[in-house]
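If you're matching them up, the sequences are chains A and B in order. Under my numbering, the first residue of the first sequence carries the number 781, and numbering increases by one thereafter. Under my numbering, the first residue of the second sequence carries the number 37, and numbering increases by one thereafter. Heads up, the beta-carbon is just placed ideally off N, CA and C, and yes, glycines get one too. Heads up, the thing below is written out as structure tokens.
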Amino acid sequence: DGGITQSPKYLFRKEGQNVTLSCEQNLNHDAMYWYRQDPGQGLRLIYYSQIVNDFQKGDIAEGYSVSREKKESFPLTVTSAQKNPTAFYLCASTIRFQPANYGYTFGSGTRLTVV
Amino acid sequence: ILNVEQSPQSLHVQEGDSTNFTCSFPSSNFYALHWYRWETAKSPKALFVMTLNGDEKKKGRISATLNTKEGYSYLYIKGSQPEDSATYLCAFMQTGANNLFFGTGTRLTVIP
Numbered sequence: 781d782g783g784i785t786q787s788p789k790y791l792f793r794k795e796g797q798n799v800t801l802s803c804e805q806n807l808n809h810d811a812m813y814w815y816r817q818d819p820g821q822g823l824r825l826i827y828y829s830q831i832v833n834d835f836q837k838g839d840i841a842e843g844y845s846v847s848r849e850k851k852e853s854f855p856l857t858v859t860s861a862q863k864n865p866t867a868f869y870l871c872a873s874t875i876r877f878q879p880a881n882y883g884y885t886f887g888s889g890t891r892l893t894v895v
Numbered sequence: 037i038l039n040v041e042q043s044p045q046s047l048h049v050q051e052g053d054s055t056n057f058t059c060s061f062p063s064s065n066f067y068a069l070h071w072y073r074w075e076t077a078k079s080p081k082a083l084f085v086m087t088l089n090g091d092e093k094k095k096g097r098i099s100a101t102l103n104t105k106e107g108y109s110y111l112y113i114k115g116s117q118p119e120d121s122a123t124y125l126c127a128f129m130q131t132g133a134n135n136l137f138f139g140t141g142t143r144l145t146v147i148p
């Protein structure tokens with residue numbers, strides 16, 4: 781079955797460390813997104829990519845970095861510059877140029893905790 | 037960042053009750069409105085994608101309406117069942133944008 785796989789499900793990071801969250805999809809979707817969820821807030825966009833080797837900053841990109849070397853993969857690195865990284869992170873994908881016709885497909889998320 | 041508001045924040049209903057909740061969004065430059073259902077420990081799943089003013093979509097006991105001129109959408113659940121318990125998210129896309137702006141969700145609990 782096609783879908784999005786996020787790993788790991790839970791991640792603990794020491795202060796000052798960089799960590800990378802994995803997101804892989806086998807849906808042949810062009811567009812991929814990273815969202816962050818904090819208690820009492822809606823999902824906020826970190827980065828998105830519409831095509832391989834291209835990505836754009838979302839609303840809260842500071843302290844994060846991404847790469848899109850393959851269509852299937854869109855890893856997110858949480859750097860030590862991110863002041864408050866403890867949160868739930870969701871990856872999503874959709875068919876490019878069709879957001880008015882197709883919903884997003886989401887992964888099951890990664891919960892990152894800074895210890 | 038655009039303001040997408042959902043109400044109520046949470047809702048408890050008895051099995052068999054019908055219920056509805058609201059999503060409010062900017063009425064200018066409308067492009068699309070999405071509804072998602074997010075069950076605990078699972079990933080959000082798309083329910084509806086709506087684009088036209090006056091649009092009404094239905095999937096089983098769940099339906100949604102859209103008013104782009106006044107900037108709101110309603111989600112209705114008829115005869116709620118315990119398996120309907122979930123957080124329902126709406127998300128708005130503006131013309132020319134490449135991404136969705138999400139509301140905080142309505143958490144529905146259906147009591148057997």
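In the three-state scheme derived from DSSP, where H, G and I count as helix and E and B as strand, A/Glu804 is classed as strand. In terms of beta-carbon proximity, B/Gly90 stays away from the interface with chain A, with every pair separated by 7 Å or more. Of the residues assessed, B/Ala77 falls on the exposed side of the cut-off, its CB having fewer than 16 other CB atoms within 10 angstroms.
Inclusion of B/Gly132 and B/Val40 in the CB contact set at 7 Å is not warranted, their separation being larger than that value. Under a criterion of Cβ atoms nearer than 8 Å, no residue of chain A is adjacent to B/His48; the nearest Cβ is some 19 Å distant.
The C-alpha of B/Gln50 is placed about 8 Å away from the C-alpha of B/Gln117. At the C-beta level, B/Leu47 and B/Leu125 stay beyond 7 Å of one another. Between A/Tyr813 and A/Leu823, the C-beta spacing is not below 7 Å. When C-beta distances to chain A are compared with 8 Å, the residues of the region 134-146 of chain B below that value are Asn134, Asn135, Leu136, Phe137, Phe138, Gly139, Thr140 and Gly141, in chain order.
For the pair B/Thr55 and B/Thr123, the Cα-to-Cα distance works out to about 14 Å. Taking C-beta atoms as the reference points, A/Ser888 and A/Gln821 fail to come closer than 7 Å. Against chain A, the beta carbon of B/Pro80 has neighbours under 7 Å at Phe886, listed in chain order. By a beta-carbon distance limit of 8 Å, B/Ile98 does not contact B/Tyr110. Their separation comes to about 11 Å.
Within chain B, the C-beta atoms nearer than 7 Å to that of A/Tyr882 come from Val85, in chain order. Measuring C-alpha to C-alpha distances from A/Cys871 to each of A/Thr800, A/Glu842 and A/Ser860 identifies A/Thr800 as the nearest.
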